[in-house]
Amino acid sequence: MEKNRLKDLLLNHTREEIQEEIDDIHPADLLELLEETEDEDQRRELLNDIPDDIVADIVEEMDDEDDQYEFLHMFPKNRRKEILDEMSDDELTDLVGELDEEEGREVLSELEPDDQQQVKQLLSYDPETAGGIMTTEYVYIFAKNTVADTLKYLQSVEDEEEIKSYLYVVDALDHLKGVVALRDIVRSSFDTKMMDIINDNVIAINYKEDQEEVANTFKKYGYSLMPVVDDDNKMLGIIEIDDILDVMEEETTEDMNLMAGMDSEEDVDSTLSESFKSRIPWLVVNLATAVLAAAVVNNFSGTIEKVVSLSAVMSIVTGMGGNAGTQSLTILVRGLSLNEVTKDNALRIFLKELGVGVLTGIVIGIIVGIGSTIFAHNPWFGVVAALAMLLNMIAANFAGYLVPVILKKMHIDPALASGVFVTTVTDCLGFFFFLGLATMFLPLLV
972 MEKNRLKDLL
982 LNHTREEIQE
992 EIDDIHPADL
1002 LELLEETEDE
1012 DQRRELLNDI
1022 PDDIVADIVE
1032 EMDDEDDQYE
1042 FLHMFPKNRR
1052 KEILDEMSDD
1062 ELTDLVGELD
1072 EEEGREVLSE
1082 LEPDDQQQVK
1092 QLLSYDPETA
1102 GGIMTTEYVY
1112 IFAKNTVADT
1122 LKYLQSVEDE
1132 EEIKSYLYVV
1142 DALDHLKGVV
1152 ALRDIVRSSF
1162 DTKMMDIIND
1172 NVIAINYKED
1182 QEEVANTFKK
1192 YGYSLMPVVD
1202 DDNKMLGIIE
1212 IDDILDVMEE
1222 ETTEDMNLMA
1232 GMDSEEDVDS
1242 TLSESFKSRI
1252 PWLVVNLATA
1262 VLAAAVVNNF
1272 SGTIEKVVSL
1282 SAVMSIVTGM
1292 GGNAGTQSLT
1302 ILVRGLSLNE
1312 VTKDNALRIF
1322 LKELGVGVLT
1332 GIVIGIIVGI
1342 GSTIFAHNPW
1352 FGVVAALAML
1362 LNMIAANFAG
1372 YLVPVILKKM
1382 HIDPALASGV
1392 FVTTVTDCLG
1402 FFFFLGLATM
1412 FLPLLV
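Counted from 1, the sequence shown has number 1240 at position 269 by our numbering; the numbering is strictly sequential.
Okay, here's the thing in C-alpha cells:
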C-alpha cells in the first residue's frame, strides 16, 4: 500500500475499516511511515486505532532496543502492558537484555508472570549462543499420538503460536525424537502413528553453541528453522532463519569494527562518549606501532641524510605493503569465520597467498622501480625500490595469512587487532627492506 494511502487510512477511517485492512500491511511499512512522521502528536494519532498485536510487530521490526523502549513509552501503561504481552519471548529477552538494569527491571515488571519466567530463563543463556537467540514459542507434537490426535491438537493451538511447515516431535519427557513436515501429516490417514511418518535423523543445535557456528550450520543444511536441545537432547526451543540473518549482520558488523580497531557494538547512532571510548584504545596501540616503525627509520638516519630522495619513496613501499596485507587479511578472516580454512587446505591457501605476494610484488615492483629510476635519475635507486617492494609484498601476504590464523589458534577472534599487527609488520619491514637495501647499495646511490 502506498504511504499516502496508508496514512489516509490510519488518520481518516474508522477503527473497523482500519482493522479490516491492517492485517494485509507489513509492519515494516507501518514503521517506515511512523519514522517519517516527525510530529509526535500525529504519530500518536496514527497509532491510536492500530491493534496491539500489530503494534507489537512494529516494535519487533525496530533494530535498536533503546528505540523500542522509547516507542513503547509513547503509550499509557495499561496499553503498553497489552503490547508487551503480544511480543514474542525472544524479542522481549533481547529488549530487556540490552537495556540498562533499571529500564530492564521496569519492562520485566510489566510482563505477565509466565512471560517473566520465560524471559528470565532465556536471559540465563549467553546472548551469543544458540540458547540466547532461540525462541521458546513454538508448536511441537507428541510421538505417541496418531495423525488424528495431532490434527485435533493443531486445531486447538492459540493464534500467537505460529504453526511452522515443519514440526518437531518429542516424547513425554520432551526428548527430541524427530521432525515431520506438515504436508506429510495432512496426507496421512487418521490412524497413522506419528512415529511411522517422522524423520528421526533430525539435526539439532546444542544450546551452548556459539551463534556464529549456528549460522554456519544453517548455511550448510539450508534449513529455515532448527531445534535447540540441551545436553540430554531435551527440546528447549527453535531458531528461525530470520534470527540467523540478524546474527550474520551482527557478526559482519562486529568483524568490520574489530578490524578497524573499534568496539564491536559501535554504530552510527553511538554517542560521542561511546565512540570515543570505542576508538581511543586501538588508536593508542596504533601510535605505539607507529613509534616502532619510526625507530626503524631512525636507525637508518645516516643513509637518509646522504640520499634524501629515499624519504620520498619509502612511504610508497610501506603503503603498498599495507594494502596487500589488508587484502590477504580480509580473505583469511572471512574464511576462518566461515570455517572455510581447514587442516586439509591450510597449506594450499598459505602457498597461494605467498604466490600472490610474489606475483603482485614483481608487477608493482617493476612499476615502482621504473618510476623511482625516473624520479632519482639513477637506475640503482629503481632496483632498490623494486626489490624492497617485492620483499614487502611477500611479507605482507605472509602476515595477512599468519596473524589471523595464530589468533584463531589462541581462541581470539581473528578480526580483533589483526589489522594493527599486519600494518606493523608491513611498516617496520617495509622501512627495513628499503632503507637496508639502500644502505647496502649506498655507494651506487650517492
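Beta carbons are placed, not taken as given, at the ideal position from N, Cα and C, and that holds for glycine.
Here the structure is a predicted model, which is why all the values come from computation and not from measurement.
- Positions of the beta strand (DSSP E) runs, each at least 3 residues long and wholly inside the stretch 1287-1328, cannot be given because no such run exists.
- The straight-line gap separating the alpha-carbon atoms of glutamate 1180 and valine 1391 is approximately 29 Å.
- If the five residues before and after valine 1200 are omitted, its C-beta is found closer than 8 Å to the C-beta atoms of Leu1147, Ala1175, Ile1176, Asn1177, Tyr1178, Met1206 and Leu1207, all from its own chain and listed in chain order.
- By the criterion of at least three beta-carbon pairs nearer than 8 Å, the stretch 1094-1103 is not in contact with the stretch 1125-1145.
- Exposed is the label assigned to phenylalanine 1247, since fewer than 16 other Cβ atoms lie within 10 Å of its Cβ.
- The beta carbons of threonine 1106 and aspartate 1145 sit no closer together than 9 Å.
- Under the three-state reduction of DSSP output, glycine 1193 falls in the coil class, being neither helix nor strand.
- Valine 1030 and phenylalanine 1042 do touch by the CB rule: their CB atoms are close to 6 Å apart, below 8 Å.
- Per the C-alpha coordinates, the member of Gly1296, Glu1032 and Cys1399 positioned closest to leucine 1001 is Glu1032.
- Here the alpha carbon of histidine 1348 sits roughly 34 Å from the alpha carbon of serine 1299.
- With respect to the 9 Å criterion, glutamate 1073 and tyrosine 1109 are not classified as neighbours on the basis of their beta carbons.
- The beta carbon of lysine 1379 sits closer than 7 Å to the beta carbons of Leu1307 and Pro1385 from its chain, once the five residues preceding and following it are set aside; these are given in chain order.
- Per DSSP, the continuous alpha helix (DSSP H) segment holding valine 1354 begins and ends at 1350-1380.
- In this chain, the alpha helix (DSSP H) harbouring methionine 1411 covers 1389-1411.
- The C-beta separation of leucine 1413 from alanine 1359 comes to about 14 Å, leaving the pair out of contact by the 8 Å criterion.
- Excluding residues up to 5 positions away in sequence, Ala1101 and Ile1176 lie with their Cβ nearer than 6 Å to the Cβ of valine 1185 in the same chain.
- At the C-beta level, valine 1396 and valine 1376 stay beyond 9 Å of one another.
- A residue is called buried when at least 16 other Cβ atoms come within 10 angstroms of its Cβ; proline 1084 does not meet this threshold and is exposed.
- A direct Cα-to-Cα measurement between aspartate 1167 and glutamine 1092 gives close to 34 Å.
- Residues of the same chain with their beta carbon placed closer than 6 Å to that of lysine 1323 are lacking, with the five preceding and five following residues left out of the count.
- DSSP links proline 1198 through a beta bridge to Ile1209.
- When secondary structure is reduced to three states using DSSP, phenylalanine 1271 falls in the coil class, being assigned neither helix nor strand.
- Per DSSP, lysine 1179 lies in no beta strand (DSSP E) segment and is marked neither H nor E.
- Following the DSSP letters along the chain, one finds tyrosine 1124 inside the alpha helix (DSSP H) bounded by residues 1118-1126.
- Counting along the chain, the unbroken alpha helix (DSSP H) around tyrosine 1040 starts and ends at 1036-1043.
- The beta carbon of leucine 1018 sits closer than 6 Å to no other beta carbon from its chain once the five residues preceding and following it are set aside.
- The DSSP-derived three-state label of phenylalanine 1161 is coil.
- For the set Lys1048, Asp1071 and Ala1114, the Cα lying nearest the Cα of leucine 1082 is the one of Lys1048.
- Among the bridge pairs identified by DSSP, histidine 1146 is matched with Lys1205.
- Counted as a single uninterrupted DSSP element, the beta strand (DSSP E) harbouring valine 1140 occupies residues 1137-1141.
- Judged by beta-carbon spacing, glycine 1401 lies within the 9 Å limit of asparagine 1363, meaning their Cβ atoms are closer than that value.
- Judged by DSSP in its simplified three-state form, alanine 1186 adopts helix.
- DSSP places threonine 1008 outside both helix and strand once states are collapsed to three, so it counts as coil.
- Beta-bridge annotation (DSSP): isoleucine 1112 is paired with Val1140.
- For threonine 1064, the enclosing alpha helix (DSSP H) begins and ends at 1060-1069.
- Less than 9 Å separates the beta-carbon of methionine 1285 from that of phenylalanine 1405.
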